[in-house]
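If you count by the numbering used here, then the sequence shown holds residues 5 to 453, one letter each, in order.
See structure below.
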Amino acid sequence: MKVAVIGAGIIGVTTAYELASDGHEVTVFERRGSVAAETSFANAGVIAPGYVTPWAAPGMPAKVLRHLLSRHAPVRIHPNLHAGDIAWMWRWWRACQLHSYQTNRLRMQRLAVFSRERLHRVTRELKLDYERRDGYLVLLRSAKDLALAQPGLASLAELSTRFEMFDAAQCRTVEPDLSPETELHGGIYLPDDEVGNCRQFAALLRAEAQRLGVRFRFHTQVQKIIAGPAPQLVHVYAPPEEASVLLNVSAESAPQDAQDTQPMELHPVTEGFDALVVCAALASNALLRPLGLKLPMQAVYGYSITAPLRQHEGHPDHGPRAGLMDERYKVAISRLGARVRVAGSAEIGGTLDRHDPRALATLYKVLHDWFPGSARLGQAQVWKGARPMLPDGPPVLGASGIAGVWLNLGHGSSGWALSCGSARLLADALAGRPPVVDAEGFGVERLRE
Ligand SMILES: Cc1cc2nc3c(=O)[nH]c(=O)nc-3n(C[C@H](O)[C@H](O)[C@H](O)COP(=O)(O)OP(=O)(O)OC[C@H]3O[C@@H](n4cnc5c(N)ncnc54)[C@H](O)[C@@H]3O)c2cc1C
5 MKVAVIGAGI IGVTTAYELA SDGHEVTVFE RRGSVAAETS FANAGVIAPG YVTPWAAPGM
65 PAKVLRHLLS RHAPVRIHPN LHAGDIAWMW RWWRACQLHS YQTNRLRMQR LAVFSRERLH
125 RVTRELKLDY ERRDGYLVLL RSAKDLALAQ PGLASLAELS TRFEMFDAAQ CRTVEPDLSP
185 ETELHGGIYL PDDEVGNCRQ FAALLRAEAQ RLGVRFRFHT QVQKIIAGPA PQLVHVYAPP
245 EEASVLLNVS AESAPQDAQD TQPMELHPVT EGFDALVVCA ALASNALLRP LGLKLPMQAV
305 YGYSITAPLR QHEGHPDHGP RAGLMDERYK VAISRLGARV RVAGSAEIGG TLDRHDPRAL
365 ATLYKVLHDW FPGSARLGQA QVWKGARPML PDGPPVLGAS GIAGVWLNLG HGSSGWALSC
425 GSARLLADAL AGRPPVVDAE GFGVERLRE
């Protein structure tokens with residue numbers, strides 16, 4: 005089949021790879037100049053299936069309210085919310101019921117476990133060499149933090165996730181550079197979990213996909229999907245050299261945001277495909293709404309700081325060894341090669357280009373608390389990303405209900421952890437094959453009101 009994938013974030017790249025391995029002729033349209041240039045750019049990189057849970061959880065609304073005025077709040081609500089934010093929060097609040105939470109948690113974790121297996125298999129078979137470390141340590145600063153972590157422990161046990169409860173001394177055996185100055189009650193150690201560089205993986209997998217014949221069309225913004233009896237058409241704005249090989253030139257003027265993304269002159273073109281897979285994260289709604297499909301997907305913003313680790317003679321592994329989570333502040337610390345990345349914060353409302361200094365201060369504080377002086381913060385790269393969040397948690401995978409249009413989107417705070425599994429399930433669905441794991445609950449139907 006001739007298939008178009010819209011978006012080359014981690015979801016689009018893994019989807020293109022799986023479709024090409026099934027023998028499809030795949031074209032990826034990406035408005036940016038490279039893969040993983042938006043939300044997949046500098047995430048925390050954590051792959052911990054036992055911690056892939058819906059954001060809509062019992063007690064969450066109260067937690068959000070309690071933290072509203074606190075200095076290092078893990079969640080912040082912007083004072084100028086849009087109508088869309090409020091409608092989304094209402095649906096999120098309804099999904100916080102215990103039953104919905106438990107059902108959605110199981111769905112997400114089932115997919116996350118499969119996804120990690122698939123990631124390992126792809127990495128092994130293709131010999132992908134990207135920055136990654138095994139092991140994930142959840143830091144509990146006090147006995148109260150341990151008490152609050154109990155429901156999470158129950159769900160780890162339910163999922164048969166291997167974990168060990170550590171006291172402070174044991175935590176320091178796996179992470180010897182943890183500062184002795186910061187109060188540490190203990191930790192939850194997950195030896196089978198990991199951190200990895202999502203963007204680097206996406207770049208390596210892109211090369212493998214190209215080897216299988218996938219064509220990546222960068223700086224090419226899909227403006228419109230014209231669905232109907234096959235072929236499905238995508239109307240794109242492409243640079244001149246790309247445009248010359250596409251079909252059916254149409255005469256509309258280039259959209260403003262395509263010009264913002266890339267200053268070069270873009271040409272409107274239309275090309276036909278047997279199937280389209282929308283992997284455009286938050287921008288998917290702009291493409292799907294004209295076709296009558298409106299998904300309740302909102303941006304939940306987060307930040308990361310990435311800095312080179314200081315070199316210590318005779319001690320090359322100085323700093324964090326693998327992945328850590330400060331459970332109190334919900335901030336992840338990840339070792340990525342010779343760098344450390346600190347990531348966290350959940351901001352509802354606001355915009356991508358406006359940074360909240362309080363959120364960044366929390367990231368610096370957590371890094372300083374655990375690994376003081378370990379990184380060259382003068383060379384730190386600060387990044388803000390928009391998690392594509394559906395109100396109930398699981399992504400949407402599979403047929404859209406519109407002939408020829410398929411969906412792989414809405415992965416929220418776990419897109420890297422869910423990517424390889426989601427892509428495989430999507431490819432199976434498109435081929436009409438039974439899924440390797442239960443794909444119940446990922447359909448778009450659950451989100452229709
Ligand atoms: C601070 C932070 C920390 C995170 N930590 C983790 C973590 O530890 N583990 C984890 O699993 N997840 C994590 N995430 C979440 C993860 O990063 C996202 O779920 C994931 O990147 C989403 O991938 P995506 O491919 O759907 O979206 P994106 O990476 O945003 O890709 C969508 C692509 O579509 C393109 N596009 C959009 N519209 C069009 C169009 N019309 N035409 C052409 N191209 C288009 C965009 O340019 C973009 O490249 C984190 C997120 C944040 C913000």
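Even for Gly, the Cβ is constructed at its ideal location relative to N, Cα and C.
Distance cut-off 8 angstroms: residue i Cβ against heavy atoms of ligand 1
i, result
"residue 275", "no"
"residue 20", "no"
"residue 59", "no"
"residue 47", "yes"
"residue 420", "yes"
"residue 283", "yes"
"residue 308", "yes"
"residue 127", "no"
"residue 390", "yes"
"residue 124", "no"
"residue 173", "no"
"residue 401", "no"
"residue 213", "no"
"residue 431", "no"
"residue 224", "yes"
"residue 43", "yes"
"residue 202", "yes"
"residue 347", "yes"
"residue 365", "no"
"residue 352", "no"
"residue 30", "no"
"residue 11", "yes"
"residue 16", "yes"
"residue 117", "no"
"residue 51", "yes"
"residue 240", "yes"
"residue 140", "no"
"residue 446", "no"
"residue 161", "no"
"residue 227", "yes"
"residue 416", "yes"
Cβ separation of residue i and residue j, assumed to be a contact under 8 angstroms, to the nearest whole Å
i, j, result
"residue 387", "residue 45", "6 angstroms"
"residue 345", "residue 12", "Their Cβ separation, rounded to whole angstroms, is 21 angstroms, which puts residue 345 and residue 12 out of contact at 8 angstroms."
"residue 395", "residue 151", "Residue 395 to residue 151, Cβ: 28 angstroms. No contact."
"residue 292", "residue 299", "7 angstroms"
"residue 180", "residue 138", "About 16 angstroms separates the two Cβ atoms, so there is no contact after all."
Selected residue, minimal CA-CA separation from residue i, among the options
i, options, result
"residue 122", "18, 287, 191, 172", "18"
"residue 433", "417, 418, 422, 411", "411"
"residue 340", "330, 129, 323", "323"
"residue 172", "185, 160, 166, 189", "189"
"residue 127", "210, 448, 379", "210"
"residue 23", "135, 155, 217, 103", "217"
"residue 141", "281, 148, 193, 182", "193"
"residue 406", "449, 369, 441, 440", "449"
"residue 356", "367, 306, 372", "306"
"residue 404", "195, 350, 297, 367", "297"
"residue 384", "390, 368, 392", "368"
"residue 78", "400, 347, 373", "347"
"residue 304", "33, 277, 88", "88"
"residue 10", "436, 63, 415, 225", "225"
"residue 16", "417, 159, 440, 413", "413"
"residue 402", "31, 428, 153", "428"
"residue 134", "373, 39, 201", "201"
"residue 186", "393, 376, 443, 423", "376"
"residue 162", "53, 435, 284", "53"
"residue 390", "443, 69, 352", "352"
Residue i Cβ short of 8 angstroms to ligand 2 heavy atom set
i, result
"residue 413", "Although ligand 2 was asked about, the structure shown includes only ligand 1 as ligands."
Practice item. Output the residue ranges of the alpha helix (DSSP H) runs that lie fully inside the segment 261-341 and measure 4 residues or longer, sorted by chain position. Key: Whole alpha helix (DSSP H) segments, 4+ residues: 288-292.
Check your understanding: Enumerated in chain order, which unbroken segments of the beta strand (DSSP E) with a length of 3 residues or greater are wholly contained in the segment 57-90?
Key -> Under the rule that a run must span 3 or more residues, the beta strand (DSSP E) segments found entirely inside the segment 57-90 read 79-81.
Practice item. Please specify which runs of the beta strand (DSSP E), each continuous and at least 3 residues long, are wholly inside the segment 75-161, giving them in chain order. Key: List check, beta strand (DSSP E) in window: 79-81, 136-144.
Practice item. Run through the segment 327-411 for me and flag every whole alpha helix (DSSP H) of 4 or more residues, listed as ranges in chain order. Key: If you keep only unbroken alpha helix (DSSP H) runs of at least 4 residues inside the segment 327-411, you get 361-374.
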